[in-house]
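Chains as they are written, first to last, in the numbering used here: chain H, 409 to 799; chain V, 2 to 309.
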């Protein structure tokens, strides 16, 4: 029986962590994810979890301690955002390379400078090539659901995973949501048995050895293979969870896309705003739809290409700029995913919502209007635009 | 405390055939530590000579579990291992009798890993942190660290035409670790095997974190004949450059008082890194170094309640 409760995104993630009951959590507070570590430390203080909680002195040490812990065979989690994730950067690659299933409860926040505490996706987009599985959430419910699934996904893939919610918009917004029973969560994730540990007296192992030109490439290649194989495992775990929770989880969500002539691709909370506009347009007979990416890494390129190739005009919304002059990271990925198709959609890119700038129904209507113009004229006036900025 | 006969019967857990230089004192120190530990160990190292010479894939010199993750986080990494072990023991998933030893060079300890070390010690993990102090970043080619003695030539504090080597005195890391109020802090060298193994035994017995600062002469970076490596370590102690002492629960104890305190120049003369100081014009630096040693030695004697 699932319980209906009112929780913020941070509360929902902390609640998921309580139910996961990880062996070790090593974390450092940073806005807007601070509440997760605060709430979780109260669970530790009240004896509601069996976790060894390390209140470390930096995010770099948080991820370092997580690496030590996971290599010891413990189920290991942390939480962070923005500069904290940036400080972890070096260790994130090492977590992947050592194939350790660490899970981050992440909250998206802009990167400095200028310093800003509000939402955009620059922080997690900055680690997109690190090999971490990345799952984005539209609301507190999805943050909760995704975090529980991430534990199982990470352990089955022997890869680290990060689940994110949009800073403040989700992390501090109160919503009605459904919780699983503690036992359902425990049964779902199961007992963790690491393939190798540092504390097996029968088999002492060396972790993190030095590779020269004779082995490094093979080890990186095998990591690439693990990421490649992760997609099927993610699909399988998502199906199992959908069955358990009666909430559907796939690599991405298609919203009124079947007969759509134009679509928006977006990650996170803005999907909710877009859905409202789509319903509005549909009531006027305009064939608009949405594709919300849930699993951004590994990137579901083939699956996206199949769906998007049928839609003549597509706008990709990026809550981060790549500063490469090529548009946002999601735009670049999708363009590349569609490149080898015989029939390609017209693609445009909008950088939106940087530093927490509000993205309203009005902005989304503007995007669909641009898509309509592309459909009408067959021409793209400007392929990369900034949405809602003063210029 | 185990005697030499007992130690010699124990399994040597750092195998030969590793890639350390001839005359390197680092593996000697590590072998002595592992012999003294006499229980299953998880060892960790920061990036540096120790990790490089012992773990070139697909080989490993470690017969106990070993982890290396990065340069500045040996202590943080080991703190996660110790915490994980604690909870897995509680859950009946791990055997209790493991010891946790994190290694770092002076680069990974005094400098880039200083914050990580301080944090792990403050959090009270049941682990031993060993700094293998050879007084410079030897692995990357002898660059200065905050452990490099004043006047020493390194490749980033070179003895040039206007600047005669490193301008600053070294950081007193051991005292800084004492200020963390952890149960056990000590200094030793592999040239004093009994002192070293005794200290390791003590460090692994205390409840909470322990810190050992071990002087490990580097033949390449210091410039001495390989066969004299341990003499160089002992002479560092006889000159009071590297006194042997321990601090147990805040109580300072001198472990060795040289019969005759040797002039520092005797020790400096044996090392190529100080060669330029014996040219005319550097007398003042030599004097500064001796004055500093004398001052530190007096302060140590005071702290230990000893007389000169």
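The beta-carbon is built from N, C-alpha and C at its ideal position, and this holds for glycine as well.
When DSSP states are grouped into helix, strand and coil, residue 53(V) belongs to the helix group. Residues of the same chain with a CB within less than 6 Å of the CB of residue 126(V), apart from the 5 flanking positions on each side, are 80, 83 and 210 in chain order. Taking a Cβ-Cβ threshold of 8 Å, the residues of chain V close to residue 620(H) are 57 and 58, in chain order. Between residue 512(H) and residue 570(H) a beta carbon distance of about 4 Å is seen, short of the 8 Å cut, so the two are scored as contacting. Per the Cβ contact rule, the stretch 518-536 of chain H is in contact with the stretch 479-493 of chain H (3 or more Cβ pairs under 8 Å).
Contacts between residue 192(V) and chain H, judged by CB atoms closer than 8 Å, are missing: the closest CB pair is about 28 Å apart. Between the C-alpha atoms of residue 66(V) and residue 54(V) there is a straight-line separation of about 16 Å. At a cut-off of 8 Å between C-beta atoms, residue 431(H) counts as an interface residue with respect to chain V.
Not a single C-beta of chain V is nearer than 8 Å to the C-beta of residue 428(H).
The contact set of residue 89(V) on chain H, defined by CB atoms closer than 8 Å, consists of 431, 480, 481, 482 and 607 in chain order.
Cβ neighbours of residue 179(V) within its own chain (closer than 6 Å, five residues either side excluded): 186 and 248. Counting along the chain, no beta strand (DSSP E) covers residue 298(V); the unbroken alpha helix (DSSP H) around it starts and ends at 284-305. Residue 706(H) is a Cβ neighbour of residue 635(H), given a cutoff of 8 Å.
Residue 186(V) is bridged by DSSP to 212(V) and 248(V).
Apart from the 5 residues on each side of it in sequence, residue 43(V) sits with its Cβ closer than 8 Å to the Cβ of 65, 66, 67, 68, 79, 82, 86, 99, 100, 101 and 102 in its chain, given in chain order. Only residues of its own chain outside the window of five on either side were considered, and among them 726, 729, 736 and 794 have a CB closer than 6 Å to the CB of residue 759(H), listed in chain order. Around the beta carbon of residue 769(H), fewer than 16 other beta carbons sit within 10 angstroms, so the residue counts as exposed.
Looking at the DSSP output, residue 614(H) shares a beta bridge with 67(V).
Within chain V, no residue has its CB atom less than 7 Å from the CB of residue 670(H), the nearest being about 47 Å off. The CB of residue 113(V) never comes closer than 9 Å to any CB in chain H; the least such distance is about 11 Å. Taking 8 Å as the cut-off, the beta carbon of residue 660(H) is found closer than this to the beta carbon of residue 702(H).
At a cut-off of 8 Å between beta carbons, residue 79(V) contacts chain H. Contact between the stretch 706-718 of chain H and the stretch 644-664 of chain H is present, with at least three C-beta pairs closer than 8 Å. The alpha-carbon of residue 552(H) is positioned some 49 Å away from that of residue 215(V). Beta-bridge pairing by DSSP links residue 726(H) to 759(H). Residue contact with chain H for residue 43(V): present (Cβ-Cβ distance below 8 Å to some residue of chain H). Residue 611(H) has its alpha-carbon roughly 24 Å from the corresponding atom of residue 626(H). For residue 49(V), the closest C-alpha among the options 306(V), 144(V) and 23(V) is that of 144(V).
In this structure, residue 686(H) lies away from residue 675(H), with their beta-carbon atoms at least 8 Å apart.
Runs of the beta strand (DSSP E) lying entirely within the stretch 670-738 of chain H, each at least 3 residues long, are 670-674, 696-701, 703-705 and 721-726 in chain order. The contact set of residue 71(V) on chain H, defined by CB atoms closer than 9 Å, consists of 468, 472, 475, 498, 499, 502 and 616 in chain order. Going by DSSP, residue 46(V) is part of the beta strand (DSSP E) stretching over 42-46. Here residue 57(V) is near residue 617(H), since their CB atoms are less than 8 Å apart. For residue 499(H), the number of other beta carbons within 10 angstroms of its own is at least 16, and it is reported as buried. Under DSSP, the beta-bridge partners assigned to residue 132(V) are 105(V) and 214(V). Only exposed fits residue 590(H), as fewer than 16 other CB atoms lie within 10 angstroms of its CB.
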